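Residue numbers (this note's numbering): 1174 to 1505.
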């Protein structure tokens, strides 16, 4: 009888009732522990203070977490942005570096240019083509376009035929297709065939920027000058907006080359396009160049795209030449 009373007064596991407190069910319903049941060892203290028990289902993102809007093309399962994309088999876009998540498009912004709204710097890296290095056979140029964090914003691919590339050289006309992280062509650059000599001011270089393809948003036209490389950035109505002025001697030996972007009166500095020194081996044996473009954060997004077009025109005019072309022009 004494042993039975001790078992009755003992706390029941999981009820947290003090000794001497009766169970909440009738004694007849209590059958006692089953055979083989082991009572908790001495010293068991039960759950720790503050333990809340097992958590329920995941409550979803916390308050303040920016969830992409519905229908966002760059979202993965659950609406969250996809940070990296597979290799494009047709465009040749490489894998590796993460892509910049697409921000919500602002008002009056051409589709695809929303990537340029939140950045004030663009890095343009031309890829090295082994066939071109080994044989000298000119191939279509490919570029990675990144932000200052190293995230890829766009991927650019030249669309040209073999005869035009190797017969016209750096002065060749081309169409440059610029793709976003979903492989969609969002910007197109159209460069017509123009004279490459500064002695003929009637047929100067120019390039047209389209966003989306087929819709012009601006132009870059060469301005004749006997000594300096000069360009004018225009809007879609061909109205002058900004000026670009380069150095008198375009020499890329162990230093960067800056093309300053200025106001129309050339009194205020707005930004710059810099040809970055990438090392002696790369500079001597390839025409793969690195560029940096700086501009104000609040600049019209269309003019940012026009600056990108100006960078490609400058690359082809002054830094695409190799071998005998460089020796004849004096650019190294």
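Note that beta-carbon positions come from the ideal geometry of N, C-alpha and C, so glycine has one too. Remember, it's a predicted structure, so these values are computed and weren't measured experimentally.
CA-to-CA distance, residue j to residue i, given in whole angstroms
| i | j | result |
| --- | --- | --- |
| residue 1468 | residue 1415 | 12 angstroms |
| residue 1381 | residue 1357 | 19 angstroms |
| residue 1488 | residue 1298 | 11 angstroms |
| residue 1422 | residue 1433 | 14 angstroms |
| residue 1273 | residue 1288 | 8 angstroms |
| residue 1329 | residue 1314 | 8 angstroms |
| residue 1441 | residue 1431 | 15 angstroms |
| residue 1295 | residue 1444 | 11 angstroms |
| residue 1426 | residue 1401 | 18 angstroms |
| residue 1325 | residue 1397 | 35 angstroms |
| residue 1404 | residue 1418 | 7 angstroms |
| residue 1471 | residue 1323 | 21 angstroms |
| residue 1508 | residue 1355 | There is simply no residue 1508 to check, as the chain begins at 1174 and stops at 1505 in what is shown. |
| residue 1337 | residue 1462 | 21 angstroms |
| residue 1281 | residue 1388 | 14 angstroms |
| residue 1481 | residue 1491 | 16 angstroms |
| residue 1412 | residue 1437 | 11 angstroms |
| residue 1493 | residue 1448 | 12 angstroms |
| residue 1321 | residue 1293 | 8 angstroms |
| residue 1374 | residue 1271 | 44 angstroms |
| residue 1435 | residue 1420 | 14 angstroms |
| residue 1424 | residue 1368 | 22 angstroms |
| residue 1341 | residue 1395 | 19 angstroms |
| residue 1376 | residue 1347 | 17 angstroms |
| residue 1506 | residue 1439 | Absent from the model: residue 1506. The displayed extent of the chain is 1174 to 1505, so no value can be given. |
Test item: CB-CB of residue i and residue j under 8 angstroms
| i | j | result |
| --- | --- | --- |
| residue 1446 | residue 1478 | no |
| residue 1134 | residue 1316 | A query on residue 1134 cannot be resolved here, the shown segment of the chain reaching from 1174 to 1505 and no further. |
| residue 1339 | residue 1302 | no |
| residue 1383 | residue 1486 | no |
| residue 1465 | residue 1360 | no |
| residue 1349 | residue 1406 | no |
| residue 1429 | residue 1450 | yes |
| residue 1393 | residue 1409 | no |
| residue 1386 | residue 1283 | no |
Helix, strand or coil at residue i according to DSSP, with G and I counted as helix
| i | result |
| --- | --- |
| residue 1481 | helix |
| residue 1323 | coil |
| residue 1312 | coil |
| residue 1347 | strand |
| residue 1287 | helix |
| residue 1176 | Because residue 1176 sits at a pLDDT of 46, beneath the cut-off of 50, its placement in the model cannot be relied upon, and the point is left open. |
| residue 1356 | coil |
| residue 1391 | strand |
| residue 1367 | coil |
| residue 1410 | coil |
| residue 1488 | helix |
| residue 1342 | helix |
| residue 1362 | strand |
| residue 1474 | helix |
| residue 1303 | helix |
| residue 1501 | For residue 1501, the predicted structure reports a pLDDT of 39, less than 50, and the residue's modelled location is therefore unreliable. A value from the coordinates is still provided. Three-state result, residue 1501: helix. |
| residue 1238 | Model confidence at residue 1238 stands at a pLDDT of 47, short of 50, so the residue's coordinates are unreliable and nothing is read from them. |
Proximity test, residue i beta-carbon vs the ligand FAD heavy atom, cut-off 7 angstroms
| i | result |
| --- | --- |
| residue 1277 | Only the bare structure without any ligand can be found here, which leaves the ligand FAD out of the picture. |
Residue closest to residue i, alpha-carbon to alpha-carbon, out of the options
| i | options | result |
| --- | --- | --- |
| residue 1344 | 1325, 1350, 1355, 1366 | 1366 |
| residue 1278 | 1401, 1291, 1362 | 1291 |
| residue 1300 | 1439, 1471, 1408, 1319 | 1319 |
| residue 1332 | 1341, 1363, 1321 | 1363 |
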